[in-house]
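**Q**
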Amino acid sequence: MRYSQLLIPTAKEVPAEAEIPSHQLMIRAGYIRKVASGTYLYLLLGWRSLRKIMEIVRQEMDAAGAQEVSAPILQPHELWQQTGRDVDYGPNLCVFTDRHDRRNALAPTAEEVITSIVAAEVSSYKQLPINLYQINEKFRDEFRPRFGVLRSREFIMKDAYSFDADSPGLDKSYQAMYDAYCRIFERCGVKYVVVQAESGEIGGTGSQEFMVPTPVGEDVIVHTADGSYAANIQKAEVDALPKAAEIPDAPAMEEVHTPDVGTIEAVCEFLKTKPQEMIKTLVYAAGEAEEHVYVALVRGDHDVNEAKLRHFAEPGTQLAGERVIVEMTGAGIGFAGPVGLAGKVTKLVIDHAVAALAIGTTGANKSNYHMRNVVPGRDFPLAGENVFVGDIRNAVEGDTHQGEALTFSRGIEVGHVFKLGTKYSTCLGATFTDEAGVDKPCLMGCYGIGVNRILASAIELYHDKNGIVLPAAIAPFEVIVLGLNNDKPEVVAEAKRIHDELAAAGVDVLLDDRDARPGVKFKDADLIGIPVRIVVGERGMKEGNVEIKRRTDAKPSAIAAGDAVATAMELLRGPAEAAKEQSR
RNA sequence: CGGGGCGUAGCUCAGCUUGGCUAGAGCGCUGCGUUCGGGACGCAGAGGCCGGAGGUUCAAAUCCUCUCGCCCCGACCA
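Letter by letter, the first sequence follows residues -15 to 568 in this note's numbering.
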């Protein structure tokens, strides 16, 4: 293709709205333009890159035995009510009412539609296993879109859904997808790590995430030094802390006046205590009128992990409103405590670390008062019908998992594989008749890949001060040919010849035939990140030479113009493949 | 959703505090000329309802109110 005829709007200046390198570079290199918050237009370069990623995904999915379909993005809201995910997804689900007053959802994922089709069309074990996938736009009304295409409201996702007759079958389907994912990310040339993950709104029995490790990632990865255990912070299990030695004759609880002192820090300062000795009392609620109340206790220096808490609570549970807190505790926000609360709530869920405290300080359920010398087990129950002790907090520095110290890093989630079990097949009637004539729900798995995120995270991994340095497999073009002197017919002709021959050999090649100064062409070639660059200039042509350089090379090498095509092929495909192409 | 910030040329921004003259710069764009191997230079030019609506005033990009959009931080620390 000829650069002079294409819209590749590169920019010298860093766009004000972009913070992270991949976002800045995608705009500067003319890959994308923003249309509105969280929605982007892909221009030629960005789209070509996405197409290559999609093609790799498609090939590997097909090879793994999945079949491509296309489900509508516009879906009846009713379908989402059937599985209860209208509630689980909450405001992230894009919903609108059409002219006939019907409620519709824009698909953030497609378990419901796919499962209901399988429910209608599959009735025998002989039709299983089956794996349907698609690659298309998905919609999520994110609280806060950010980082360019890394968290956008509209994005491209590959989603696959497997249906099996039994558990070993599901394991096999899951493993096939897992393996395909490894191949996909390897072929795309991005580094990745696999971590244990929380199933989140999708639900199900187990899941793993594929993460690209980079400091700008939004996800926190928790892992042991040897990598034998790695998990998303949402999931990372921490060992219970050892129970503190009991204090003999611990003093009785005592109410203390703490006027206008609500936060942990302020209380610690005021009472001269430490966050590690505070008990935080968080009130959660579920139900239409927030009538189900879940109280979570964690240490003052710890954070509640809502994903973990949900294992003890019902779907839709979230932090309670002020009304509920005031009703429950009889105090304003900031003064809740566990003493006397167990009888009044649906469940009292206590983190291990709180149960391990010998003595602590907490809210007094009375505005402007705290309670000190509170002994877990004495002053509030650690067991009972509605009292639970468990792991409900985020891992922190110093925690261990099965005795191994945990460390923290960041990553971008680019893929996620789930074992769903029968959650959706039961709701939507995706059952089959087995050999014995018994009706059973299908065992499902689902598998997602964020296509745009692969591109953005590859740029995040691979860039330098001059611009993007994409792996050849996903670069918009494989080779760029710079014709340096438009006023020299022999230069123009030679650049065109090299371009045409490479194109004929099946190489994605871009010819920079613009009537621009050489410096401009060099800068743009670097910025847009084409892996191989061939320079045809008057200077070299005098010797019959051109220059060739990989984007990653520091310096170009001069080669005979006649060897340019073969050399480029070799750099891209390796010697064997290049020879094969040549002999065709 | 809470807090903060920003909307002025295609892009990056100055001007606003303390209202006043023809609203500016750099990049980009157009034309001409000189240049031509790492984002050239000169000359000439085009391009703005100063996000929108209302208000104050003799006078508003500038002050006030409302509104829309965008960005950042937080959103669980009680």
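We put the beta carbon where it would ideally sit given N, CA and C, even for glycine.
Excluding the 5 residues preceding and the 5 following T247 in the sequence, name in chain order all residues of the same chain whose CB lies nearer than 8 Å to its CB.
**A** Correct list, in chain order: G318.
**Q** Please tell me whether M553 and V491 are closer than 9 Å, where the distance is taken between their beta carbons.
**A** In contact: M553 and V491 (Cβ atoms closer than 9 Å).
**Q** Look up R128 in the DSSP assignment and say whether it is helix, strand or coil.
**A** Coil, per DSSP.
**Q** If we call anything under 9 Å between Cβ atoms a contact, is R523 one with R535?
**A** The answer is no: Cβ separation not under 9 Å.
**Q** Do you know how far the Cα of T384 is from the Cα of V549?
**A** Cα-Cα distance, rounded: 56 Å.
**Q** By the three-class DSSP mapping on this structure, what secondary structure does L325 have?
**A** Coil, per DSSP.
**Q** Applying the 10 Å Cβ sphere with the 16-neighbour rule, what's the burial state of V504?
**A** Exposed, since its Cβ has fewer than 16 Cβ neighbours within 10 Å.
**Q** Taking the CB atoms as reference points, tell me whether V174 and H207 lie closer together than 9 Å.
**A** No, these two residues do not count as a Cβ contact at 9 Å.
**Q** Do the region 402 to 414 and the region 424 to 432 touch if we need at least three Cβ pairs shorter than 8 Å?
**A** Flag = yes, the region 402 to 414 and the region 424 to 432 touch.
**Q** Please go through the same chain and pick out, in chain order, the residues whose beta-carbon is closer than 6 Å to the beta-carbon of A215, but skip the five residues on each side of it.
**A** Counting only Cβ-Cβ distances below 6 Å, and skipping sequence neighbours, we find V179, Q180 and V206.
**Q** Can you give the beta carbon distance from L390 to A224, rounded, assuming they're within the 8 Å contact cut?
**A** Going by Cβ atoms, the distance from L390 to A224 rounds to 14 Å, so no, they are not a contact pair.
**Q** Run the CB neighbour count on V581, radius 10 Å, all protein chains shown included, and call it buried at 16 or more, exposed below.
**A** Nothing about residue 581 can be read from this structure; the chain reaches only from -15 to 568.
**Q** At which residues does the alpha helix (DSSP H) containing P197 begin and terminate?
**A** First-last for P197: G190 to P197, but that is the beta strand (DSSP E), not the alpha helix (DSSP H).
**Q** Could you give the uninterrupted runs of the beta strand (DSSP E) lying entirely in the region 320 to 407, keeping only those of 3 residues or more?
**A** Listed in chain order, the complete beta strand (DSSP E) runs (minimum 3 residues) inside the region 320 to 407 are 331 to 335, 344 to 347, 353 to 358, 371 to 374 and 388 to 405.
**Q** In the DSSP assignment, what are the bridge partners of G432?
**A** According to DSSP, G432 bridges with D143 and H400.
**Q** In terms of DSSP beta bridges, what is A215 paired with?
**A** Partner(s): Q180 and V206.
**Q** For the alpha helix (DSSP H) holding H7, just list the boundary residues, first then last.
**A** Segment P5 to R12, the alpha helix (DSSP H) holding H7.
**Q** Which residue marks the beginning of the alpha helix (DSSP H) containing I57, and which one marks its end?
**A** Here I57 belongs to no alpha helix (DSSP H), and DSSP marks it neither H nor E.
**Q** Does the count of Cβ pairs from the region 5 to 15 and the region 101 to 111 closer than 8 Å reach three?
**A** Short answer: they don't touch.
**Q** With the cut-off set at 9 Å, would you say G571 and N450 are in Cβ contact?
**A** Shown here, the chain extends from -15 to 568; a query on residue 571 therefore has no answer.
**Q** Less than 9 Å separating the beta-carbons of Y165 and V401?
**A** In this structure, V401 lies closer than 9 Å to Y165 by Cβ.
**Q** Using the C-alpha atoms, what's the distance from Y278 back to P243?
**A** Looking at the two C-alpha atoms, the distance is approximately 27 Å.
**Q** Select from G284, H276 and K507 the residue whose C-alpha is nearest the C-alpha of E253.
**A** Considering only alpha carbons, the answer is G284.
**Q** Between P365, H295 and R124, which has its C-alpha nearest Q218's C-alpha?
**A** Cα-wise, what sits closest to Q218 is H295.
**Q** Would you mind working out which of A209, L9 and F80 sits nearest Q386, comparing C-alpha positions?
**A** It is A209.
**Q** In three-state DSSP terms, what is A457?
**A** Of the three classes helix, strand and coil, the one that applies to A457 here is helix, per DSSP.
**Q** Note the first and the last residue of the continuous alpha helix (DSSP H) segment covering R167.
**A** From DSSP, the alpha helix (DSSP H) with R167 extends over S151 to C172.
**Q** Under a Cβ-count criterion, where at least 16 other Cβ atoms within 10 Å of its own Cβ denotes burial, should L134 be classed as buried or exposed?
**A** L134 comes out buried.
**Q** Please state whether DSSP places M237 in a helix, a strand or coil.
**A** DSSP places M237 in coil when its eight states are reduced to three.
**Q** Pick helix, strand or coil for T23, following the three-state DSSP scheme.
**A** Reduced to three states, the DSSP call for T23 is strand.
**Q** One question on the structure: do A457 and R171 come within less than 9 Å of each other, judged by their Cβ atoms?
**A** Yes. Within cutoff.
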